[in-house]
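Numbering-wise, our numbering comes out as the position in the sequence shown, counting from 1, plus 207. Working notes, structure below.
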Amino acid sequence: MGLITHLKNSYYMPGVDERLWADVLKRVFYRRIPKFPRTIQIQTRTGCNGGCVFCPYEDSHNAVPKGAMSDTLFESIVDEIAGQKATRRISPYLMNEPFLDKTVVDKARRIKARVPWAKVVMTTNAGVLKPEVVDDILRDNPFHAVYISMQGIEKGPYEETMRGSLVFEVTKENVEYLIDQRQRRAPGLKIVVTMIKTRVIDAEAAVAYWKSRGVESKYTVLENRGGNLPEFDSLNLGSKRVFKDCTRLFKHAYILFNGDMVLCCTDYYQTMILGNVADSSIEAVWNSPRATKIRRDFLRGDFSENPLCRDCYVSQVL
Numbered sequence: 208m209g210l211i212t213h214l215k216n217s218y219y220m221p222g223v224d225e226r227l228w229a230d231v232l233k234r235v236f237y238r239r240i241p242k243f244p245r246t247i248q249i250q251t252r253t254g255c256n257g258g259c260v261f262c263p264y265e266d267s268h269n270a271v272p273k274g275a276m277s278d279t280l281f282e283s284i285v286d287e288i289a290g291q292k293a294t295r296r297i298s299p300y301l302m303n304e305p306f307l308d309k310t311v312v313d314k315a316r317r318i319k320a321r322v323p324w325a326k327v328v329m330t331t332n333a334g335v336l337k338p339e340v341v342d343d344i345l346r347d348n349p350f351h352a353v354y355i356s357m358q359g360i361e362k363g364p365y366e367e368t369m370r371g372s373l374v375f376e377v378t379k380e381n382v383e384y385l386i387d388q389r390q391r392r393a394p395g396l397k398i399v400v401t402m403i404k405t406r407v408i409d410a411e412a413a414v415a416y417w418k419s420r421g422v423e424s425k426y427t428v429l430e431n432r433g434g435n436l437p438e439f440d441s442l443n444l445g446s447k448r449v450f451k452d453c454t455r456l457f458k459h460a461y462i463l464f465n466g467d468m469v470l471c472c473t474d475y476y477q478t479m480i481l482g483n484v485a486d487s488s489i490e491a492v493w494n495s496p497r498a499t500k501i502r503r504d505f506l507r508g509d510f511s512e513n514p515l516c517r518d519c520y521v522s523q524v525l
């Protein structure tokens, strides 16, 4: 990691480092943790049509509450974000397949209208991103970017990895239609086909294919999702390391359908709930004593009360 990257990914809290000189240097060169999250993910409803081998959803979904966010809560969240004027990216999904919510495109438009300076970004497995949904999106596109999570470019490895009700030919046809229509109707929409590199797929071949179709594509490293992925070692191509340079808890907020804010997008079992934004506010939960202590402990390398971060590993293979 280069110096600039290190500084960009390093955060400061007063008093974390007891050495006065080090505290002063960090105050000058590191980023101050924002008083309001820079990125917010909103779970408009629960549920996913996939059962990806790299995701705990298939095992966790029966262990946690299910439901849809009320319109009142959704509006309250968007109102607060608009009033704060600090959030740069908003994504109306979290631990789910967003397009299972038939109102999510309308919700994205409402976000864009109220918070025009923020980028509205979606991630989908594209299994239900049918032509009629694409046509609705492109009629008045609210998205800065749509990320497609699609594992590989071969039917066998794709379906072995993504499982659930996902069918390779259907998903590929949906993505191809989105690409073709984007070119004609919304050239400013960013499309990125992403995947996680595992033993199962040929990530390089898949990236090359989608780049040949004129869109961005990349693969990222495998995570064990806060220790919630037992298959991590069998899927991983090489060594692993503790994800101690993670910055999610310093700038990202993750709000479940019922208003609970969890520490991280990997907390599929909802073991570290910071508070509930329906009972108070995003600002209050974000700056709560519990959230502040977790961040301070993380910066000090103390995970005794934070098993989610303590047990989080990432692959070292790219």
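Heads up, the beta-carbon is just placed ideally off N, CA and C, and yes, glycines get one too. What you are looking at is a predicted structure, and each value in this text was computed from that prediction instead of being measured.
Separation of Phe505 from Phe450, as counted between CA atoms: Here residue 450 refers to the residue found at position 243 when the sequence shown is read from its first residue. Here residue 505 refers to the residue found at position 298 when the sequence shown is read from its first residue. Roughly 11 Å separates the two Cα atoms.
Cβ distance (whole Å) where Ile360 is taken to contact Ala413 below 8 Å: Along the sequence shown, one-based indexing puts residue 360 at 153. Along the sequence shown, one-based indexing puts residue 413 at 206. At roughly 4 Å, the Cβ-Cβ gap stays under 8 Å, so Ile360 and Ala413 are in contact.
Entirely enclosed beta strand (DSSP E) segments - the segment 336–377, minimum 3 residues: 352–356
Ignoring anything shorter than 3 residues or poking outside the segment 395–438, list the beta strand (DSSP E) runs there in chain order. 397–403, 423–427
Rounded C-beta distance between Cys255 and Gly363? I'm assuming under 8 Å. Here residue 255 refers to the residue found at position 48 of the sequence shown. Here residue 363 refers to the residue found at position 156 of the sequence shown. No, Cys255 and Gly363 are not in contact; Cβ-Cβ is about 21 Å, not under 8 Å.
With H, G and I counted as helix, E and B as strand and the rest as coil, what does DSSP make of Asp486? For the purposes of this step, residue 486 is taken as residue 279 along the sequence shown, with counting starting at 1. Three-state result, Asp486: coil.
Assuming Arg296 contacts Phe464 under a Cβ cut-off of 8 Å, what Cβ separation, rounded to an integer in Å, is found between them? As a working note, residue 296 is residue 89 in the sequence shown. As a working note, residue 464 is residue 257 in the sequence shown. Not quite, the Cβ-Cβ distance comes to about 20 Å (not below 8 Å), so this is no contact.
Would you call Gly257 buried or exposed, if buried means 16 or more other Cβ atoms sit within 10 Å of its Cβ? Along the sequence shown, read from residue 1 onward, the residue named residue 257 stands at position 50. It counts as buried.
Residue(s) in a DSSP beta bridge with Lys447: Locating residue 447 in the sequence shown gives position 240, counting from the first residue. Its beta-bridge partners are Ser522.
How many whole angstroms separate the CB atoms of Ile462 and Ile249, which I take to be in contact at a CB cut-off of 8 Å? Here the question's residue 462 lines up with position 255 in the sequence shown. Here the question's residue 249 lines up with position 42 in the sequence shown. Confirmed, Cβ separation roughly 5 Å.
Using DSSP's beta-bridge definition, name the partner residues of Ala293. As a first step, residue 293 must be located in the sequence shown, where it is residue number 86. Ala293 is not bridged to any residue.
Can you tell me where the alpha helix (DSSP H) holding Asp509 begins and where it ends? On the sequence shown, position 302 is the one that residue 509 refers to. Unbroken run through Asp509: none, as it is neither H nor E.
Just to confirm the assignment, what range does the alpha helix (DSSP H) spanning Lys458 have? By one-based count along the sequence shown, residue 458 stands at place 251. 455–458 is the extent of the alpha helix (DSSP H) around Lys458.
Check for me: the beta strand (DSSP E) holding Val565 runs from which residue to which? Residue numbering for the chain in the displayed model covers 208 to 525; residue 565 lies beyond these limits and cannot be assessed.
Sub-7 Å separation of Val285 and Tyr354 beta-carbons: For the purposes of this step, residue 285 is identified with residue 78 of the sequence shown, where counting begins at 1. For the purposes of this step, residue 354 is identified with residue 147 of the sequence shown, where counting begins at 1. No.
Rounded C-alpha distance that separates Asp599 from Leu444: Here the chain has residues from 208 to 525 only, and residue 599 is not among them.
Decide if the segment 505–516 is in contact with the segment 300–308; the criterion is three or more beta carbon pairs, one per stretch, under 8 Å apart. no
Span of the beta strand (DSSP E) holding Asp467? Your numbering for residue 467 matches position 260 in the sequence shown. Counting along the chain, the beta strand (DSSP E) containing Asp467 begins and ends at 467–469.
For the alpha helix (DSSP H) that Phe236 lies in, which residues bound it at each end? Translated into positions along the sequence shown, residue 236 becomes position 29. Start and end: 227–236.
Along the chain, where does the alpha helix (DSSP H) containing Asp266 start, and where does it finish? Translated into positions along the sequence shown, residue 266 becomes position 59. Looking at the DSSP string, the run of the alpha helix (DSSP H) that includes Asp266 is 264–267.
Assign Thr405 to buried or exposed, taking buried as 16 or more other Cβ atoms, counted over all protein chains shown, within 10 Å of its Cβ. To locate residue 405, count along the sequence shown from 1; it is residue 198. With 16 or more Cβ atoms within 10 Å of its Cβ, Thr405 is classed as buried.
Beta-carbon within less than 8 Å of Glu383's beta-carbon, same chain only, minus the 5 sequence neighbours each way: which residues are those? Counted from its first residue, the sequence shown places residue 383 at position 176. Excluding sequence neighbours, Glu383 sits near Arg420.
Could you tell me whether the segment 215–222 touches the segment 234–243, where touching means 3 or more Cβ pairs closer than 8 Å? yes
Within 10 angstroms of its Cβ, does Val231 collect 16 or more other Cβ (buried), or is it exposed? One-based indexing of the sequence shown puts residue 231 at position 24. Val231 comes out exposed.
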